[in-house]
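*Asks:*
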Amino acid sequence: MRITSIFYVIVLLSLYSTIINAAPATSAVPTLEKRQETEQDPDFNTNIFKSFKPLEVTASPITREYTLTLAKTELAPDGFSRQVWTSNGQYPGPMIRANKGDQIVIHVQNNLGDFTTIHWHGIFQRGTTFYDGVAGQTQCLIATGTTFTYNFTAGEQYGTYWWHSHFRSQYVDGLRAPQGSKCVPDNPLAVYVIEKGKRYRFRVINTSAEAPFTFSIDQHPLRIIEVEGENVKPITMNKINIAVGQRYSVIVNADKEVDNFWIRATIVKQCIHVTPETINVNSSLNYKVTGILRYNGAPETYPTTQEWDEKILNCRDVDHNLLKLNPPRSPPVTPTDNFTLKITFDHINDVVHALVNGSPFNPEIYDPTANKLMYGGDETPSMLDKDQNAFVYDTQNGSVEISLINDNIATHPFHLHGHNFYIMAHGPGKVPDPSIFNLVDPAVRDTITVAGKSWAVIRYNIDNPGVWAFHCHIEWHVEMGMVGQLIERPSELKGDPIPPQVRSICPPDDDDDDDKKDNNNTAKKRSLKAYKNYYKRSDVPNHSHHVKYQFIRGSAY
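The sequence shown maps to residues -22 to -1, 1 to 535 in mature numbering (1 follows the signal peptide of the UniProt record, and there is no 0).
(1) P55 by DSSP, collapsed to three states: which one?
(2) Using only alpha-carbon positions, find the residue among Y178, D196, P478 and S337 that is nearest to I203.
(3) Once you ignore the five residues that flank P443 on each side, which residues in its own chain have a CB closer than 7 Å to its CB?
(4) What is the DSSP secondary structure of D324, reduced to helix, strand or coil?
(5) Return the Cβ separation of R42 and I82 in integer angstroms, given the expectation that the two are a contact with Cβ distance under 8 Å.
(6) Who are the near neighbours of G275 in its chain, counting only those whose CB is closer than 6 Å to its CB and skipping five residues on each side?
(7) Ordered along the chain, which non-local residues of its own chain (more than five positions away) have a Cβ less than 8 Å from that of S432?
(8) Please say whether H298 and G459 have beta carbons closer to each other than 8 Å?
(9) Give the straight-line distance between the Cα atoms of P391 and R60, rounded to the nearest whole angstrom.
(10) Which residue marks the beginning of the alpha helix (DSSP H) containing A447, and which one marks its end?
(11) With a threshold of 16 other CB atoms inside 10 Å of the CB of S38, please say whether the residue is buried or exposed.
(12) Starting from V182, follow the beta strand (DSSP E) in both directions and report where the run begins and ends.
(13) Which partner residues does A368 have in the DSSP bridge list?
(14) Which whole-angstrom value describes the C-beta separation of Q115 and P341, a residue pair presumed to lie in contact below a C-beta threshold of 8 Å?
(15) Looking at C-alpha atoms only, which residue of D441, T107 and K247 is the closest neighbour of M352?
(16) Going by Cα to Cα distance, which pick from N89, F102 and I195 is closest to S244?
(17) So, does the stretch 413 to 425 touch the stretch 320 to 335, judging by three or more C-beta pairs under 8 Å?
(18) How far does the beta strand (DSSP E) with H97 in it reach, from first residue to last?
(19) If you drop the 5 nearest sequence neighbours on each side, which residues of the same chain put their C-beta closer than 6 Å to that of L435?
(20) Should R307 be labelled buried (16 or more other beta-carbon atoms within 10 Å of its own) or exposed?
(21) So T425 and E134 are supposed to be a Cβ contact under 8 Å. How far apart are they, rounded?
(22) According to the Cβ coordinates, are H451 and G223 closer than 8 Å?
(23) Going by other Cβ atoms of all chains shown within 10 Å of its Cβ, with 16 needed for buried, is K217 buried or exposed?
(24) Who are the near neighbours of N316 in its chain, counting only those whose CB is closer than 6 Å to its CB and skipping five residues on each side?
(25) Could you pull out every residue in the same chain whose Cβ sits closer than 6 Å to the Cβ of I272, ignoring the five residues on either side in sequence?
(26) For the putative contact between V422 and L303, defined by C-beta atoms under 8 Å, what is the C-beta separation to the nearest angstrom?
(27) Of the choices I220, H85, P277 and A447, whose alpha-carbon is the least far from that of N369?
(28) How would you call G123, buried or exposed, if buried means at least 16 neighbouring beta carbons within 10 angstroms?
(29) Per DSSP, what kind of secondary structure is W454 in: helix, strand or coil?
(30) Please work out which residues of its chain come closer than 8 Å, Cβ to Cβ, to G430, disregarding the five sequence neighbours upstream and downstream, and give them in chain order.
(31) Sorted by chain position, which residues of the same chain lie with C-beta nearer than 6 Å to Y128's C-beta, five sequence neighbours on each side aside?
(32) For the beta strand (DSSP E) holding V169, just list the boundary residues, first then last.
(33) Let me know the secondary structure DSSP gives S38 once reduced to three states.
(34) With 16 as the cutoff for other CB atoms within 10 Å, does H325 come out buried or exposed?
(35) Would you say the beta carbon of I414 comes nearer than 7 Å to a heavy atom of the ligand NAD?
(36) Once the 5 residues before and after D419 are set aside, which same chain residues still bring their CB inside 8 Å of it?
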């Protein structure tokens, strides 16, 4: 489906994070546009989230090159001045625009004073698993004061994606103001200025740490046309539930009288698990976040419009039966490989962990899985420790089925790297007989919500050799170990070339090698000792600082 005469607008529900907008085809090299002024130089009259025209759809693929400089900056995105982890001095970070087939080269300059990585959420990374940006799985950490270059192709993908840190909870740093922070008076709401009579494509992404949102625009129905890089047959809804990591493109018709209308993103309270340790934090949350949809010519005043008169009270995705692929395609009928992942919580040495089949994930951040398998000599997946939570499938031209069993009361949005997947079935209780699975027209996406005491069965083709994370996208659960790694066709990874810079950022094998320590300052920065000391620091982002849980430091990121 080709859509013409549409302007594009981005909506982020929630640092260190921003969208990747990939279009079907184009020419002009994009620029990185600043979206929010720093606190020192605010422009309260600026339309913060400007619409932009789509890229040309006739150009041949080109190379698009960007530089992202990561640093800590004083900002007040929620009205409270605090130190925020930014890219190019701004929050949200700059947008990356490309067409399918383009080569994307991104230089990441780390000035954070902390280690980091960047993940390209939803990008398949065909042939470049080592650029997926997952610490301990596909790469070592980027040391502060150094630059690392990601270089990958957009391939045949187009749609709405997202880039963010994939190390500890960095991307959500800034969720709440620290004690002693100052309030910035009259901090402006995001304003989207539109022209009456035009249509707009809103790309909506939930970039939060935990909360699912219900998104709506007063008096403006939302026509869903894309879900996580997959075109769907258009359906119209007034409100959309969107879990962490999920993305939707919706068409909004500017067909109302010139006025101001509320844009609403409301946390679904029922999905926030409250405990005695978290009650004080959750009681201070603002569950209703708003922006303004302003028709050009309307007065610069707050809207007086009313919310759509319908409630969404459950922890569920948009009905998958409504999300039909456009054009349609069928799922694998008989999978060649099958896995069951059972998700639980438990105490280990008086510390709460999240377990996948009884084991919390423990990343080896100084010796990632991809490195082991691609140039690790005789290393095979079977030699990985149990706490690597590795699931291996090496079938040519096959397909895999994963049964995800949520054996606890919490809701989990599970995200798969390297693939999107067919949703064969999902529901409460026990997994039923496969005879009820949808083999005709199942929904396809890369992030699915699995409610408490429920299950989901997904399938996808084994066509992308690599090491792919499969994890809950609630950041606190990732920290606790709710991560698996799917090792796909490892026999084809052995001997594959890894760019020298990918290997070079890993610490030296012998941390006591005086020559390396004295003669190579970069090696000192990245030394194994530095990696280990990182986890002992009190200023490292960690969920225990927020809710006073005794989560194990370093169990998973």
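Cβ coordinates follow ideal geometry from the N, Cα and C atoms, glycine included.
All values reported here derive from a predicted model rather than from experimental measurement.
*Replies:* Concretely, from the data shown:
(1) Stepping through the sequence shown from its first residue, residue 55 is reached at position 77. P55: coil per DSSP, three-state reduction.
(2) Locating residue 203 in the sequence shown gives position 225, where the first residue counts as 1. It is Y178 whose Cα lies nearest to the Cα of I203.
(3) Sequence index remark: in the sequence shown, residue 443 carries index 465 (1-based). E466, R467, E470 and L471.
(4) One-based indexing of the sequence shown puts residue 324 at position 346. Note: D324 maps to strand in three-state DSSP.
(5) Reading the sequence shown from its first residue, position 64 is the one you call residue 42. Reading the sequence shown from its first residue, position 104 is the one you call residue 82. With a Cβ gap of about 6 Å, R42 and I82 count as contacting.
(6) Here the question's residue 275 lines up with position 297 in the sequence shown. Within its own chain, the residues whose Cβ lies closer than 6 Å to the Cβ of G275, once the five positions on either side in sequence are excluded, are V236, listed in chain order.
(7) Locating residue 432 in the sequence shown gives position 454, counting from the first residue. Beyond the five residues adjoining it in sequence on each side, S432 comes within less than 8 Å, by CB distance, of N384, H404, G405, P406 and G407 in the same chain, given in chain order.
(8) Translated into the one-based positions of the sequence shown, residue 459 becomes position 481. Translated into the one-based positions of the sequence shown, residue 298 becomes position 320. G459 places its beta carbon 8 Å or farther from that of H298.
(9) One-based indexing of the sequence shown puts residue 391 at position 413. One-based indexing of the sequence shown puts residue 60 at position 82. Answer to the nearest angstrom: the Cα atoms are 29 Å apart.
(10) To locate residue 447, count along the sequence shown from 1; it is residue 469. Counting along the chain, A447 falls outside any alpha helix (DSSP H), though it belongs to the beta strand (DSSP E) covering G444 to C450.
(11) What you label residue 38 is simply residue 60 of the sequence shown in a count that begins at 1. Around the C-beta of S38, fewer than 16 other C-beta atoms lie within 10 Å, and the residue is accordingly described as exposed.
(12) Reading the sequence shown from its first residue, position 204 is the one you call residue 182. For V182, the enclosing beta strand (DSSP E) begins and ends at R177 to N184.
(13) In the sequence shown, residue 368 corresponds to position 390, counting from 1. Answer is Q463, bridged to A368.
(14) Position 137 of the sequence shown, counting from 1, holds the residue named residue 115. Position 363 of the sequence shown, counting from 1, holds the residue named residue 341. Contact between Q115 and P341 holds, with the beta-carbon distance rounding to 7 Å and staying under 8 Å.
(15) In the sequence shown, residue 352 corresponds to position 374, counting from 1. Selected option, being the one with the closest Cα: T107.
(16) Taking the sequence shown and counting its residues from 1, the one referred to as residue 244 is at position 266. It is worth fixing the name first, because residue 244 is Thr in this sequence and not Ser. For T244, the closest C-alpha among the options N89, F102 and I195 is that of I195.
(17) Output reads no: the stretch 320 to 335 does not touch the stretch 413 to 425.
(18) Reading the sequence shown from its first residue, position 119 is the one you call residue 97. Where H97 is concerned, the enclosing beta strand (DSSP E) stretches over I96 to H99.
(19) Working through the sequence shown from its first residue, we reach residue 435 at position 457. Looking at the sequence provided, one finds Val at residue 435 rather than Leu. Cβ contact annotation for V435 (same chain, cutoff 6 Å, sequence separation greater than five): S381, M402 and A403, in chain order.
(20) Looking up residue 307 in the sequence shown gives position 329. R307 should be labelled exposed.
(21) Locating residue 425 in the sequence shown gives position 447, counting from the first residue. Locating residue 134 in the sequence shown gives position 156, counting from the first residue. Cβ-Cβ separation between T425 and E134: approximately 20 Å, too far for a contact (criterion under 8 Å).
(22) Taking the sequence shown and counting its residues from 1, the one referred to as residue 451 is at position 473. Taking the sequence shown and counting its residues from 1, the one referred to as residue 223 is at position 245. Cβ atoms of H451 and G223: closer than 8 Å.
(23) On the sequence shown, residue 217 is found 239 positions in, with the first residue counted as 1. The residue is buried, with at least 16 neighbouring Cβ atoms inside 10 Å.
(24) In the sequence shown, residue 316 corresponds to position 338, counting from 1. Close CB contacts of N316 within its chain, under the 6 Å cut and outside five residues either way in sequence, are with E379 (chain order).
(25) On the sequence shown, residue 272 is found 294 positions in, with the first residue counted as 1. Residue identity differs from the one stated: residue 272 is Arg in this sequence, not Ile. Spatial neighbours of R272 in its own chain (CB-CB distance under 6 Å, excluding positions within 5 residues in sequence) are listed in chain order as V169, V171 and N238.
(26) Position 444 of the sequence shown, counted from the first residue, corresponds to residue 422. Position 325 of the sequence shown, counted from the first residue, corresponds to residue 303. For V422 against L303, the beta-carbon gap comes to about 6 Å, under 8 Å, which counts as contact.
(27) Locating residue 369 in the sequence shown gives position 391, counting from the first residue. First, the amino acid is wrong: residue 369 is Phe here, not Asn. When each option's Cα is compared against that of F369, the closest is A447.
(28) Position 145 of the sequence shown, counted from the first residue, corresponds to residue 123. G123 counts as exposed, since fewer than 16 other C-beta atoms from the protein chains shown sit within 10 angstroms of its C-beta.
(29) For this step, residue 454 is matched to residue 476 along the sequence shown. Helix.
(30) Counting from 1 along the sequence shown, the entry for residue 430 is found at position 452. The beta carbon of G430 sits closer than 8 Å to the beta carbons of C293, N384, N386, I387, A388 and T389 from its chain, once the five residues preceding and following it are set aside; these are given in chain order.
(31) Working through the sequence shown from its first residue, we reach residue 128 at position 150. Once the five neighbours on either side are set aside, the close Cβ partners of Y128 are I84 and Y109.
(32) The count along the sequence shown starts at 1 and reaches residue 169 at position 191. Looking at the DSSP string, the run of the beta strand (DSSP E) that includes V169 is V169 to I172.
(33) Residue 38 sits at position 60 when you count from the first residue of the sequence shown. Under the three-state reduction of DSSP, S38 is assigned to coil, being neither helix nor strand.
(34) In the sequence shown, the residue the question calls residue 325 occupies position 347. Under this definition H325 is an exposed residue.
(35) The model on display carries no ligand, and the ligand NAD is accordingly not part of it.
(36) Within the sequence shown, the letter at position 441 stands for residue 419. Answer for D419: K302, L303, P306 and S308, listed in chain order.
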